[in-house]
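Using the numbering used here, read the sequence shown as starting at 7 and increasing by one per residue. By construction, the Cβ of each residue, glycine as well, lies at the ideal position given by its N, Cα and C atoms. Here the structure is a predicted model, which is why all the values come from computation and not from measurement. Below is one structure, written out as structure tokens; the observations come after it.
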Amino acid sequence: MKRTTLLLTLIVALLSGCQSVSSFYRGKTVAAEQVIPIAGTAKGEEWKTFDLTINFDYGEEGEFFAIGGEVALSEHYRMNYEWLRDLDILLLFLDNRLQVIEAAYLVRGGGHGTDATMPFSLKLPIPEQAAAFSFAYEGFAIAGDDKPGSPSFFWLRPK
Numbered sequence: 007m008k009r010t011t012l013l014l015t016l017i018v019a020l021l022s023g024c025q026s027v028s029s030f031y032r033g034k035t036v037a038a039e040q041v042i043p044i045a046g047t048a049k050g051e052e053w054k055t056f057d058l059t060i061n062f063d064y065g066e067e068g069e070f071f072a073i074g075g076e077v078a079l080s081e082h083y084r085m086n087y088e089w090l091r092d093l094d095i096l097l098l099f100l101d102n103r104l105q106v107i108e109a110a111y112l113v114r115g116g117g118h119g120t121d122a123t124m125p126f127s128l129k130l131p132i133p134e135q136a137a138a139f140s141f142a143y144e145g146f147a148i149a150g151d152d153k154p155g156s157p158s159f160f161w162l163r164p165k
């Protein structure tokens with residue numbers, strides 16, 4: 007009995023690790039003010055939250071969606087924290103109800119100072135029913151030795 011339980015636990019753990027990033031976000035709704043229509047092409051766009059700013063260009067290239075730009079942490083993190091331990095930013099494809107239908111990593115990184123910018127470039131097939139896109143993220147910043155303060159975990163996810 008113990009052996010079967012252990013084996014089943016191991017299988018479930020392995021299978022959950024194989025899930026795509028999309029499965030965690032699919033069906034979640036993004037706030038309207040964070041949404042960008044997918045149609046067309048744009049240069050010099052800015053998507054900003056308290057935590058970070060994403061400056062980017064994007065466009066449709068046939069059946070593909072291309073996006074490129076850079077991410078910078080907000081002044082709050084640059085002033086109060088020295089080290090960005092982790093940062094994952096996802097590109098979210100949304101349907102006309104602003105629900106996530108697909109997600110892909112745009113930036114996966116960290117391990118550098120909070121004042122660094124992080125470039126990105128991605129080209130993906132446009133999912134059927136995709137009408138718009140947005141971003142989600144989570145990160146972890148650490149204060150330096152000469153700065154008092156707790157580590158900060160920050161995030162923005164669809165609900």
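1. Could you please give me the residues that DSSP links to R163 through a beta bridge?
2. Touch check for the stretch 62–73 and the stretch 131–140: three-plus C-beta pairs under 8 Å?
3. Write down the C-beta distance between Q105 and G33 rounded to the nearest angstrom, noting that I regard them as a contact closer than 8 Å.
4. Write down every uninterrupted run of the beta strand (DSSP E) in the stretch 70–142 whose length is 3 residues or greater and which is fully enclosed by it, in chain order.
5. Quick one: give me the first and last residue of the beta strand (DSSP E) that F56 is part of.
6. Going by DSSP in three states, S158 sits in which element: helix, strand or coil?
7. Which residues bound the alpha helix (DSSP H) around V191?
8. Rounded to whole angstroms, what's the CA-CA distance from S22 to G75? Just pull it up for me.
9. CB F141 to CB L93, shorter than 8 Å?
10. By Cβ distance, which residues of its chain are closer than 6 Å to Y83, with the 5 residues on each side in sequence left out?
11. Drop a sphere of 10 angstroms on the beta-carbon of G145, count the other beta-carbons inside from all chains shown, and report buried for 16 or more, exposed for fewer.
Walking through what the data contain:
1. Per DSSP, none; premise fails for R163.
2. Yes, the stretch 62–73 touches the stretch 131–140.
3. Yes, they are in contact, since the Cβ atoms of Q105 and G33 sit about 6 Å apart, within 8 Å.
4. 70–79, 89–100, 106–115 and 124–131, all fully within the stretch 70–142.
5. Element bounds for F56: n/a, residue is neither H nor E.
6. In the structure shown, the three-state DSSP call for S158 is strand.
7. Any answer about residue 191 is impossible in this case: the structure gives the chain only from 7 up to 165.
8. Per-residue confidence for S22 stands at a pLDDT of 38, beneath the threshold of 50, marking its modelled position as unreliable; no derived number is given.
9. In this structure, the beta-carbon distance from F141 to L93 does not fall below 8 Å.
10. Only T120 and A147 meet the Cβ criterion.
11. Buried: at least 16 other Cβ atoms inside 10 Å.
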